[in-house]
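Engineer:
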RNA sequence: GCGGGUGUAGCACAAUGGUAGUGCGCUAGCCUUCCAAGCUAGUUACACGGGUUCGAUUCCCGUCACCCGCUCCA
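Listed below in structure tokens is the structure:
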């Protein structure tokens, strides 16, 4: 708290108080701009809050992150299939999921059991009344504890657990609302209001009704499409639990707080998978829902490590009982230690059979799986690893960033992005040592060979060779191939490795093969 | 949402009530045979809007964006 006095002081005070960490973030943001990873959206108009554009290298990086996820989650295994659903869904989807509730209703949350409801529907009690209520202290065992408290000024208690600890009344506006249809909803509103003098509440209702006729919402998560398509996918692909449905795509949330560059923004890309497993009574071979929950926690943590994130910067953090959503049986976050502290990369949630049952209730369509061997209809339980593509890309970028002192025998230090080769935007850069003796021609032929074989390669002949190497280091390019005087004699070139800066000679004819092998 | 701070070129910084410099970068040329060499030329900025003023990048107000803290986070 003693730091509070330093708020807002010029940079020097800021730097003095913290380690080098915030400075690193500034450098990364700067590098992102300078090298074409990330720009602020609509920059020429002064920028738009929380919106960012990926530039040429950033777009490649993010594509690669998504491709690796798809490869690990869908193409690399037989039990998961992918979909690509519409961003706009039927509004009732959001009624069922609970996302729509807050739009017009005065909502309150119970701070103890996480029940959410309408303040005007909850039991009323005179302010200051002492009440007794029960709180679940262990979600695994369901163990409860009795507590006492006084009712606050809202004069309500939780209908579920009786707790007086409620949040303030809030109207949420999490989702982006728009309208589906070619007629501007304002026409509709104007028509209804024409010539009427309405009180505040009436006005609110008329407006709301008019808007709701055509209102649709941008999805705040991709998950719901996996639930609504549960039977479509299960039956067409002839799947049997445990199986999963995966999807990548944009989601939109009006976040209260946006922070840390691309870490939390209103438009973001998710990589979600819903893994449907038999409920406990139908589980086989000890592989019950909790087995799969733990399996996915480990699996997802390993994915980040396999793509180069440092182990010591990663952790799995189980949610405490009071953090869990009311429907969740368990939840763990994969967290990365960003320069500003630990932050979520991905959440793995055990959602029980909540979602399918909700949609069954709201759609009146049966959403059960029929197991012919056990002759049973059941609602599978759902384990959901939900990752953020933008957060992952940012973490990979931050983790890869390194500033090195001058290597032996050289004068200048270097900035290098030690990105995993499969994530690197450019895989290989090809240079002529000098712009003479036909070297540029040979180098251009080599780079064209890479393009032909779908390896993202780049050609550069500008400036001295050392500078060109450093430029590529800063973009994270793992390999550089240089055509030199010897190439014309024996058909060999050098290949330089980004991290070690070591070079070896290979044959021009083998270049594509060598690089492809290292990327595999 | 609340409080504080910041906003000058692609990036990092400087100066100034009389319209702006430096370094790096970038472009072109010369030179250059393996790790940010050198020379020459060129390129690019006062976030936006209003006010005060003879004159504003500089002072004032508002807006926008970003940063820090709190709050919030389905």
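Residue numbers (my numbering): 1 to 520. We put the CB at the ideal spot given by N, CA and C, even for glycine.
Out of 158, 312 and 94, which one is the CA nearest neighbour of residue 221?
Structural biologist: Residue 221 sits at position 221 when you count from the first residue of the first chain. Checked all of 158, 312 and 94; the closest Cα to residue 221 is 94.
Engineer: Comparing alpha-carbon positions, which option in 383, 217, 377 and 502 lies nearest residue 101?
Structural biologist: Translated into the one-based positions of the first chain, residue 101 becomes position 101. Comparing Cα positions, the closest option is 217.
Engineer: Could you tell me which uninterrupted alpha helix (DSSP H) segments, each at least 4 residues in length, are contained entirely in the region 365 to 439, listed from first to last along the chain?
Structural biologist: Taking only runs of at least 4 residues, the alpha helix (DSSP H) segments lying wholly in the region 365 to 439 are 389 to 400.
Engineer: Return the CA-CA distance between residue 271 and residue 54, expressed in angstroms with no decimal places.
Structural biologist: Residue numbering aside, residue 271 sits at position 271 when the first chain is read from its first letter. Residue numbering aside, residue 54 sits at position 54 when the first chain is read from its first letter. Near 17 Å, if we compare the C-alpha coordinates of residue 54 and residue 271.
Engineer: Decide yes or no for the touch test of the region 291 to 311 against the region 79 to 93: beta carbon pairs closer than 8 Å, at least 3 of them.
Structural biologist: Touching, no.
Engineer: Within 10 angstroms of its Cβ, does residue 45 collect 16 or more other Cβ (buried), or is it exposed?
Structural biologist: Taking the first chain and counting its residues from 1, the one referred to as residue 45 is at position 45. That one is exposed.
Engineer: CA-CA distance, residue 48 and residue 78?
Structural biologist: Locating residue 48 in the first chain gives position 48, where the first residue counts as 1. Locating residue 78 in the first chain gives position 78, where the first residue counts as 1. Rounded to whole angstroms, residue 48 to residue 78 spans 42 Å at the Cα level.
Engineer: Would you mind sorting residue 557 into buried or exposed? The rule is 16 or more other CB atoms within 10 Å of its CB.
Structural biologist: What is shown of the chain runs 1 to 520, which leaves residue 557 out entirely.
Engineer: Compare the C-alpha of residue 334 against each of 249, 484 and 303 and name the closest.
Structural biologist: Locating residue 334 in the first chain gives position 334, counting from the first residue. Here the closest residue by C-alpha is 303.
Engineer: Looking only at its chain, what residues have a beta carbon closer than 6 Å to the beta carbon of residue 237, apart from the 5 residues adjacent to it on each side?
Structural biologist: Translated into the one-based positions of the first chain, residue 237 becomes position 237. These residues qualify, in order along the chain: 81.
Engineer: What is the DSSP secondary structure of residue 301, counted as helix, strand or coil?
Structural biologist: Your numbering for residue 301 matches position 301 in the first chain. Helix, per DSSP.
Engineer: Does the distance from the CB of residue 482 to the CB of residue 433 come in under 9 Å?
Structural biologist: As a first step, residue 482 must be located in the first chain, where it is residue number 482. As a first step, residue 433 must be located in the first chain, where it is residue number 433. Cβ atoms of residue 482 and residue 433: closer than 9 Å.
Engineer: Rounding to the nearest angstrom, what Cα-Cα distance links residue 9 and residue 508 in this structure?
Structural biologist: Mapped onto the first chain, residue 9 falls at position 9. Mapped onto the first chain, residue 508 falls at position 508. Low confidence applies here, because residue 9 scores a pLDDT of 28, under 50, leaving its location unreliable and the question unanswered by this model.
Engineer: Evaluate residue 495 with the Cβ neighbour count: other Cβ atoms within 10 Å of its Cβ, from every protein chain shown; 16 or more gives buried, anything less gives exposed.
Structural biologist: Position 495 of the first chain holds residue 495. It counts as buried.
Engineer: Have a look at residue 502 and residue 386 and give me their C-alpha separation to the nearest angstrom.
Structural biologist: The residue given as residue 502 occupies position 502 in the first chain. The residue given as residue 386 occupies position 386 in the first chain. Roughly 39 Å separates the two Cα atoms.
Engineer: Using a threshold of 8 Å, is the CB atom of residue 384 nearer than that to any non-hydrogen atom of the ligand COA?
Structural biologist: This structure lacks the ligand COA, and indeed carries no ligand of any kind.
Engineer: In its own chain, which residues sit with a C-beta less than 6 Å from the C-beta of residue 393, not counting the 5 before and 5 after it?
Structural biologist: Here residue 393 refers to the residue found at position 393 when the first chain is read from its first residue. Taken in chain order, the residues that qualify are 61, 62 and 65.
Engineer: Alpha carbon to alpha carbon, how far is residue 25 from residue 428? Give it in angstroms, no decimals.
Structural biologist: The residue you call residue 428 lines up with position 428 of the first chain. The residue you call residue 25 lines up with position 25 of the first chain. Distance between the alpha carbons of residue 428 and residue 25: 27 Å.
Engineer: Round the Cβ separation of residue 257 and residue 52 to the nearest angstrom and send it over; I've been treating them as touching at under 8 Å.
Structural biologist: Translated into positions along the first chain, residue 257 becomes position 257. Translated into positions along the first chain, residue 52 becomes position 52. With a Cβ gap of about 16 Å, residue 257 and residue 52 do not count as contacting.
Engineer: Would you call residue 223 buried or exposed, if buried means 16 or more other Cβ atoms sit within 10 Å of its Cβ?
Structural biologist: In the first chain, counting from the first residue as 1, residue 223 sits at position 223. Buried is the call here.
Engineer: With DSSP as the reference, label residue 350 as helix, strand or coil.
Structural biologist: The residue labelled residue 350 in the question sits at position 350 within the first chain. Looking at residue 350 - three-state DSSP - the assignment turns out to be strand.
Engineer: So, with DSSP's three-state summary, where would you put residue 503?
Structural biologist: Residue numbering aside, residue 503 sits at position 503 when the first chain is read from its first letter. Looking at residue 503 - three-state DSSP - the assignment turns out to be strand.
Engineer: Does the contact criterion of 3 or more C-beta pairs under 8 Å hold for the region 449 to 456 versus the region 509 to 516?
Structural biologist: In short, these stretches touch, since the Cβ pair count reaches three.
Engineer: Thinking C-beta only, is residue 275 closer than 9 Å to residue 242?
Structural biologist: Looking up residue 242 in the first chain gives position 242. Looking up residue 275 in the first chain gives position 275. Yes, the Cβ-Cβ distance between residue 242 and residue 275 is below 9 Å.
Engineer: Whole beta strand (DSSP E) runs in the region 277 to 327 with 3 or more residues, listed along the chain?
Structural biologist: As far as the region 277 to 327 is concerned, its whole beta strand (DSSP E) runs of at least 3 residues are 314 to 318.
Engineer: As an exercise, report each continuous alpha helix (DSSP H) stretch of at least 4 residues that is fully enclosed by the region 197 to 232, in chain order.
Structural biologist: Qualifying alpha helix (DSSP H) stretches, in chain order: 200 to 212 and 223 to 228.
Engineer: Which one of 321, 401 and 343 has the shortest CA to CA distance from residue 477?
Structural biologist: Along the first chain, read from residue 1 onward, the residue named residue 477 stands at position 477. Nearest of 321, 401 and 343 to residue 477, Cα basis: 401.
Engineer: Residue 226 and residue 175: beta carbons closer than 9 Å?
Structural biologist: Walking along the first chain from the start, residue 226 turns up at place 226. Walking along the first chain from the start, residue 175 turns up at place 175. Not a contact, by the Cβ cut-off of 9 Å.
Engineer: Might you give, ordered along the chain, the residues of its own chain that have their beta carbon closer than 6 Å to the beta carbon of residue 36, omitting 5 neighbours on each side?
Structural biologist: As a working note, residue 36 is residue 36 in the first chain. Cβ neighbours of residue 36 beyond the five flanking positions: 55, 56 and 57.
Engineer: Within this structure, are the beta carbons of residue 231 and residue 307 separated by less than 9 Å?
Structural biologist: Here residue 231 refers to the residue found at position 231 when the first chain is read from its first residue. Here residue 307 refers to the residue found at position 307 when the first chain is read from its first residue. Against a cut-off of 9 Å, the Cβ pair of residue 307 and residue 231 comes out as no contact.
Engineer: Within 10 Å of its beta-carbon, does residue 505 have 16 or more other beta-carbons around it, so buried, or fewer, so exposed?
Structural biologist: One-based indexing of the first chain puts residue 505 at position 505. So residue 505 ends up on the exposed side.
Engineer: Pick out whichever of 380, 185, 344 and 338 has its Cα sitting closest to the Cα of residue 354.
Structural biologist: Locating residue 354 in the first chain gives position 354, where the first residue counts as 1. It is 380 whose Cα lies nearest to the Cα of residue 354.
Engineer: Report, in whole angstroms, the separation of the C-beta atoms of residue 336 and residue 301, which I expect to be a contact under 8 Å.
Structural biologist: In the first chain, residue 336 corresponds to position 336, counting from 1. In the first chain, residue 301 corresponds to position 301, counting from 1. 11 Å between Cβ atoms; not a contact.
Engineer: Can you look up residue 520 in the DSSP assignment and give me helix, strand or coil?
Structural biologist: Taking the first residue of the first chain as position 1, residue 520 is located at position 520. Of the three classes helix, strand and coil, the one that applies to residue 520 here is coil, per DSSP.
Engineer: Kindly indicate the opening and closing residues of the beta strand (DSSP E) around residue 45.
Structural biologist: Here residue 45 refers to the residue found at position 45 when the first chain is read from its first residue. First-last for residue 45: undefined, no H or E at that position.
Engineer: Is residue 112 helix, strand or coil when you go by DSSP?
Structural biologist: Residue numbering aside, residue 112 sits at position 112 when the first chain is read from its first letter. Residue state, collapsed to three classes: coil.
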